[in-house]
Amino acid sequence: MGRSMANDGRALCLVAAMVLATGARASHCDLTAGVEARRYSDQEAGVPPRDYRTLASVQSELSCSRSYGSQSVSGKVFGRWAQHGSERTHGDIRELQWLWTREPFQFRAGIDRVFWGVTEFAHIVDVINQADIVEDPFGETKIGQPMLSVTTRGAWGSLSIYGMPRFRVRGFPDVGEPMRPAPPFGLGAAVFESRDGRRHLDGAMRYSRSQGPVDIGLSYFEGTSRDPKFLIGVTASGVPESHPYYELMSQAGVDVQLTLDEWAFKFEGARRHAAQRSRNAYTVGIEYAMVGILGTSADLISILEYVRDRRDPLPLPGFLDDDLEFGFRIAGNDSRTSELKLGVTFDRRRDSRAWSLEFGTRIAARWRLNAQARVFDKVSPRDPLTVLKNDSYLSLSLVRYFLSPSQ
Amino acid sequence: MRSLHLLILALSAGASVAFAADQTDLRGLEIATQADKRDEGFGDTTATLTMTLYSSRGETTQRRMRARILETESGDKRLIIFDEPGDVRGTAVLTHTHLDGSDDQWVYLPALERVKRIATAGKTGPFMGSEFAYEDLTAQEVARYTYKHLKDEPCSGGQCFVIERHPVNESSGYSRQIVWIDEAEFRVWRVEFYDRKDSLLKVLTFDGYQVFDERYWRARSMKMENVQTGKHTVIEWSGYKFGNGLTDAAFDPSRLADSR
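If you read the sequences in order, they're chains A and B.
Count along the first sequence from 1, add 37, and you get the number used in the numbering used here.
Count along the second sequence from 1, add 2, and you get the number used in the numbering used here.
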């Protein structure tokens, strides 16, 4: 990770240099910088002890873009320095790409993050990017993926084809650190099913279309799975270690959203073939939006979803395989753009429960205050999530936005 | 699919049209149609908006955004990209306006790098904490209202037609609006919005009209006052450009994530 940090540092300078080289009109660079303080819950019996309970960190993201008529280059580099845990101090190129639009085509080369899907909790069809679980143990944050892609559009919809020449492995917090959904041993080298290892060429395509109240997407992926299994081995000195094992897989997916006035109905389904077996996953959801609740200007969106995921390995071990999920999102629609989000997941098979609460508000023109709580209040010992039993936390962060003037 | 959708709309609209018919008078409809016609053929527009929110205590907050508008036969397509404040920079809202008021709307959230289709019910809500509702900022298509000519009187734009319009779509946040349109160029100078309880809620005034291509009139400033709360919001438009050669593809939801 130390090396990737240095690479990212170089990339950051490259992005800034590329974009700022000539002070063109349609270019800008924005920087965000924040401090975060986190407090983990008390130690519980029956789980390995954690090395620390409070964690301070500093994070920053530089994002630059520049347009030259039909072409543009853009980059986004993220970095975090943390007080404890060598893996928590990490960086990543979220985006570094060249985009050329020649109607009806768009060509893209570089690193990008691509999201597919419609539901709020489980992201069944989303397979392009590796999860950054050091940043977000629930897998919502992704790392950048090197790719070449072409998209074409017409009255019939939109079709994208992706070629991905380089695989990026999942990073894990160190042994003894909180939020480490992996076996409690040191991490050995990654093992790949493909003989080409991380140089295996992955391919994907997606068709999408919006027609009246319906948004539909059909997708296909073939290549190395982003979700590792773990092989337990022993080092030369006899210490057990776990090797993340990345299989080859193919996955076909469909995602649909029907939006009717204040209602939204969502479905995602996928069939994954790996290790000579095919397994299915699906998630369904319903959303209801209320405008101007209790005579205020706030909107309330209520979300109910269910997921059944039989894929092996799961995107996150023991998480969202047979779960009911319930959530609220309140958008304040106020001058501070305040937002409150609450989510609860109930594991139906193992009787476990996890909560997530997020609040954010602007406290001054260029400052935002965020609070976040993640709580595992009921974890069955049978649940692979039991390794996270100690890891409920409360975090507070303050972010400052430095903007270059917009064009 | 399309025809089925239209059929459902036709059936559901049937009832309200029959009810509204006796409220409409031809003179009112004629004025609204003429105002709409005068603006036909603009093709596309880009502009920059600065929105200032004034609280009842006089505190101010500013937002800056860019707008791209494409005229199409089935209703305008609008893209708004936020530049400031910093925590919302890069957020983009795409609206496909339909003549009947059933708009399609998507939002791109840069923090999540995700495009979401949003429930159209949201359009009665305030836009970015301002006194403008989403529905005040979408295209005012003729078919969205029934009309009644009330009177003619002097206004800030000279001599004005005063018409009353009732939203056809029941999900509108208003019971009716009264609109002042000048007789010379058919520009809107003032709109009074009445809430669902039929009390006066907001007053919108337009100022600083400029003409583009010798034909298209655009206001430099729009001031929305909430008479019930004492707050107001001013939108200043600048850098209007016409004929940018924008295409339908640039307003496709699948391209929203690349909007800059």
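From the three backbone atoms N, C-alpha and C, an ideal C-beta is built for every residue, glycine too.
Residues that residue i contacts on chain A, provided the C-beta gap is smaller than 7 Å
i, result
"Arg116/B", "Phe152"
"Pro128/B", "Ser334, Asn370"
"Ser76/B", "Those within 7 Å of Ser76/B in chain A number zero; the least Cβ separation is about 11 Å."
"Arg262/B", "Ser102, Ser104, Ser109"
"Val173/B", "Sequence check: residue 173/B is Ser here, not Val. Neighbours of Ser173/B on chain A, chain order: Asp298."
7 Å Cβ cut-off: residues of chain B touching residue i
i, result
"Arg366/A", "Those do not exist, as Arg366/A stays about 11 Å from chain B at its closest Cβ, beyond 7 Å."
"Arg402/A", "Correcting the residue identity first, residue 402/A is Ala in this sequence and not Arg. Residues of chain B passing the Cβ test: Pro87."
Burial state of residue i (16 or more Cβ within 10 Å)
i, result
"Asn317/A", "exposed"
"Val213/B", "exposed"
"Arg62/A", "Because the pLDDT of Arg62/A is 47, which lies under 50, any placement of that residue in the model is unreliable, and the number read from its coordinates should be weighed accordingly. Exposed, since its Cβ has fewer than 16 Cβ neighbours within 10 Å."
"Leu81/B", "buried"
"Ser315/A", "exposed"
"Lys233/B", "buried"
"Thr374/A", "buried"
"Asp388/A", "exposed"
"Gly60/A", "Residue confidence for Gly60/A is low, a pLDDT of 43 falling below 50, so the modelled location carries little weight; the figure read from the coordinates is stated next. Classification of Gly60/A: exposed, given that the 10 Å Cβ count is below 16."
"Ala401/A", "exposed"
"Thr188/A", "buried"
Residue i versus residue j - alpha carbon distance
i, j, result
"Gly194/A", "Asp252/A", "10 Å"
"Tyr147/B", "Ala251/B", "30 Å"
"Arg263/A", "Leu351/A", "10 Å"
"Arg21/A", "Ser107/A", "The question about residue 21/A has no answer, for chain A in this structure spans 38 to 444."
"Ser5/B", "Asp346/A", "In this prediction, Ser5/B scores a pLDDT of 41, lower than 50, which makes its location untrustworthy; the coordinate-derived value is nonetheless stated afterwards. About 37 Å."
"His100/B", "Phe142/A", "27 Å"
"Asp200/B", "Glu194/B", "11 Å"
"Pro220/A", "Arg59/B", "58 Å"
"Leu55/B", "Tyr196/B", "21 Å"
"Lys153/B", "Ala34/B", "14 Å"
"Val276/A", "Asp88/A", "20 Å"
"Ile338/A", "Glu230/A", "43 Å"
"Val416/A", "Arg385/A", "12 Å"
"Thr97/B", "Tyr242/B", "19 Å"
"Tyr244/A", "Thr272/A", "46 Å"
"Gly213/A", "Phe413/A", "18 Å"
"Arg399/A", "Pro174/A", "25 Å"
"Phe88/B", "Phe439/A", "The sequence as given places Gly at residue 88/B; Phe does not occur at that position. For Gly88/B and Phe439/A, the distance between alpha carbons rounds to 7 Å."
"Pro281/A", "Gly147/A", "26 Å"
"Pro202/A", "Gly234/A", "11 Å"
Same chain only: Cβ atoms within 7 Å of residue i, ignoring 5 sequence neighbours per side
i, result
"Ala368/A", "Ala335, Asp336, Glu376"
"Thr320/A", "Thr156, Ala159, Ile161, Glu305, Glu342, Tyr343, Val344"
"Leu435/A", "Gly71, Val72, Trp404, Leu406"
"Pro210/A", "Gly122, Glu124, Arg125, Val171, Met216, Arg217"
"Ile83/B", "Met67, Arg68, Ala94, Ser261"
"Asn246/B", "Asp46, Thr48"
"Gly127/B", "Ala135, Tyr136"
Beta-carbon proximity list for residue i, same chain, < 8 Å, skipping 5 on both sides
i, result
"Ala93/A", "Val72, Glu73, Ala74, Arg75, Ala119, Gln120"
"Asp85/B", "Arg66, Met67, Arg68, Arg91"
"Gly200/A", "Met184, Leu185, Ser186, Leu238, Asp239, Gly240"
Cross-strand partners of residue i (DSSP beta bridge)
i, result
"Tyr56/B", "Thr62/B, His234/B"
"Leu295/A", "Val251/A, Phe302/A"
"Pro277/A", "Val271/A"
"Pro354/A", "Answer by DSSP bridge pairing: none, since Pro354/A is not bridged."
"Gly116/A", "Ser97/A, Gly128/A"
"Val110/A", "Arg103/A, Trp135/A"
"Lys118/B", "Val109/B"
"Asn228/B", "Lys204/B"
"Glu266/B", "No information on residue 266/B is available, as it lies outside the stretch 3 to 262 that chain B covers here."
"Met67/B", "Leu51/B, Phe84/B"
Under 9 Å by beta carbon: chain A residues contacting residue i
i, result
"Pro255/B", "Ser195, Ser245, Ser247, Asp252"
"Gly45/B", "Here the premise fails: no neighbours, minimum Cβ distance about 16 Å."
Residues that residue i contacts on chain A, provided the C-beta gap is smaller than 8 Å
i, result
"Val90/B", "Thr374"
"Leu55/B", "Ser372"
"Gly245/B", "Neighbours of Gly245/B on chain A: none; closest Cβ ~16 Å, over 8 Å."
"Gly131/B", "Ser334, Gly369, Asn370, Asp371, Ser372, Arg373, Thr374"
Within chain B, partners of residue i - CB distance below 9 Å
i, result
"Ala168/A", "Simply none; closest approach about 13 Å."
"Pro141/A", "Thr249, Ala251"
"Leu136/A", "Asp260"
"Arg308/A", "Those do not exist, as Arg308/A stays about 23 Å from chain B at its closest Cβ, beyond 9 Å."
"Arg411/A", "Near Arg411/A there are no residues of chain B at all, since even the closest Cβ is about 17 Å away, more than 9 Å."
Close-in-space but distant-in-sequence residues of the same chain around residue i (CB under 6 Å, 5 per side omitted)
i, result
"Lys225/B", "Thr207, Val236"
"Thr91/A", "Arg76"
"Val328/A", "Asp336"
"Ala289/A", "Tyr257, Arg308"
Legend entry - Residues, ordered as in the chain, of the stretch 95-106 of chain A that lie near chain D by beta-carbon distance below 7 Å: Reference to chain D is not applicable here, since the protein chains of this structure are A and B.
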